[in-house]
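First residue of the sequence shown: 1, per UniProt numbering; consecutive thereafter.
Yeah, the Cβ is synthetic: ideal placement off N, Cα and C, and Gly gets one too.
Given the structure is predicted, the values throughout are model-derived calculations rather than measurements.
Okay, structure first, notes after.
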Amino acid sequence: MNKAEALALADAVQKAIPFKLLPREDRPERYIVELPAGPAAGPAVLARAEPNPEEPNSAVQALYQFPGRNLKDRACIELIGTILEQPFFDELRTKQQLGYIVSAGLKRVQGITSLSFLVQSNIADPLSVSEKILKFIDQSENILGKLSDQKFSEYRGGLIQKKLEPDKRLIAATVRNWEEIATEEYLYDRQQKEAEILARLSKEEVLGFFKKYLKSNSPERRLLISQVYGAKDAAILEKVQQQQQQGEIKPGKVVIGDLSSFKESRPVYPTRTEERQRNEKAS
Numbered sequence: 001m002n003k004a005e006a007l008a009l010a011d012a013v014q015k016a017i018p019f020k021l022l023p024r025e026d027r028p029e030r031y032i033v034e035l036p037a038g039p040a041a042g043p044a045v046l047a048r049a050e051p052n053p054e055e056p057n058s059a060v061q062a063l064y065q066f067p068g069r070n071l072k073d074r075a076c077i078e079l080i081g082t083i084l085e086q087p088f089f090d091e092l093r094t095k096q097q098l099g100y101i102v103s104a105g106l107k108r109v110q111g112i113t114s115l116s117f118l119v120q121s122n123i124a125d126p127l128s129v130s131e132k133i134l135k136f137i138d139q140s141e142n143i144l145g146k147l148s149d150q151k152f153s154e155y156r157g158g159l160i161q162k163k164l165e166p167d168k169r170l171i172a173a174t175v176r177n178w179e180e181i182a183t184e185e186y187l188y189d190r191q192q193k194e195a196e197i198l199a200r201l202s203k204e205e206v207l208g209f210f211k212k213y214l215k216s217n218s219p220e221r222r223l224l225i226s227q228v229y230g231a232k233d234a235a236i237l238e239k240v241q242q243q244q245q246q247g248e249i250k251p252g253k254v255v256i257g258d259l260s261s262f263k264e265s266r267p268v269y270p271t272r273t274e275e276r277q278r279n280e281k282a283s
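Put into structure tokens, the structure is as follows:
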């Protein structure tokens, strides 16, 4: 299908189903909850039982949330994730053999980026797995700091090359561009711009970003730990819930009981449109 045929098809659909633009005030908005920041306010912990009572596996996800939408922050996050992905797998999967599924990667929802560390295990309970994930993150400062300039350049160059690769399938281009439309950012050359920023990033800048947003004692750290307890860890979950009810929670930890109440109690990030309007008023 060429451009003329595609436009003709779109015109035929428009005539058959005459769409109208929904006024801004009538459009549903999807807001992202801002996680508590700093060691005194977090991490936030969500502990739940596995819905399938026969499922032996438990799982833990540590999700680090980053407030900035700017390209440099996102480039730093992605490069940190790229560098830590294999060491995380090697430590918790290969060496400690906690479970078959061990992964690290980025999530981006409504322009807000998070770095996820995930472990599914039938060997250790979620409390133990959570501690091991956090211990790895604390040790990651050394991993980043000890990288040689050559190795850092290899990681950075590999990520740049990945971003500059042309889409091999139409669905990849569709998903990428639709995200720009859905978030109303419309940065269709995002990959190119991020590659340019990555090329200028230094190891010191990346390490500084890690210290600011991922270190356990950082006032800017925003962390959600989600724990799913399998059948064999049900007794541990019951004990955790009893401690929660009795108020026996360690300082510096927010245990989420009712998820809806937690969401309602937290501020939300402005949408990209609200952010843009705010900036226009300020200027």
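Cα-Cα separation between residue i and residue j, rounded to whole angstroms
i: I32; j: V268; result: 6 Å
i: R278; j: T271; result: 11 Å
i: P51; j: E205; result: 43 Å
i: Y100; j: Q191; result: 32 Å
i: residue 287; j: I123; result: Lying before the first or after the last residue shown, residue 287 is absent from the chain, which here runs from 1 to 283.
i: L224; j: Q65; result: 8 Å
i: residue 286; j: D73; result: Residue numbering for the chain in the displayed model covers 1 to 283; residue 286 lies beyond these limits and cannot be assessed.
i: G42; j: R222; result: 7 Å
i: Q139; j: K211; result: 12 Å
i: E131; j: F117; result: 12 Å
i: A40; j: V60; result: 22 Å
i: A235; j: A104; result: 28 Å
i: S153; j: E85; result: 16 Å
i: L144; j: P67; result: 22 Å
i: S218; j: L134; result: 14 Å
i: Q96; j: L127; result: 15 Å
i: L147; j: A282; result: 41 Å
i: D11; j: E5; result: 10 Å
i: S121; j: T82; result: 23 Å
i: Q110; j: W178; result: 12 Å
i: R27; j: A172; result: 26 Å
Assumed close pair residue i, residue j - CB separation to whole angstroms, cut-off 8 Å
i: D125; j: S58; result: 6 Å
i: A75; j: L170; result: About 26 Å separates the two Cβ atoms, so there is no contact after all.
i: E141; j: K215; result: 7 Å
i: E180; j: T273; result: With a Cβ gap of about 13 Å, E180 and T273 do not count as contacting.
i: V240; j: A16; result: In fact, because the Cβ distance is near 56 Å, the residues do not count as touching under 8 Å.
Classification of residue i by the beta-carbon crowding that lies within 10 angstroms, buried from 16 upward
i: A8; result: exposed
i: R176; result: exposed
i: F88; result: buried
i: K203; result: buried
i: I137; result: buried
i: S261; result: exposed
i: Q150; result: exposed
i: L98; result: buried
Proximity to residue i [Cα-Cα], best of the options
i: P56; options: Q241, A231, A282 and F136; result: A231
i: Y186; options: R276, A16 and E54; result: R276
i: E264; options: A12, P23, L35 and L22; result: L35
i: S114; options: A62, A4 and Y155; result: A62
i: R30; options: A182, E238, Q243 and Y213; result: A182
i: V228; options: L21, A49 and E25; result: A49
i: N70; options: P53, K163, E54 and I112; result: I112
i: E196; options: A173, K163 and Q243; result: K163
i: G38; options: E238, E220 and L207; result: E220
Three or more C-beta pairs under 8 Å: does that hold for the stretch 75-95 against the stretch 253-264? Too few Cβ pairs lie closer than 8 Å, so no.
When you compare the stretch 86-96 with the stretch 150-169, are there three or more beta-carbon pairs, one atom per stretch, that lie closer than 8 Å? They do not touch, by the three-pair rule.
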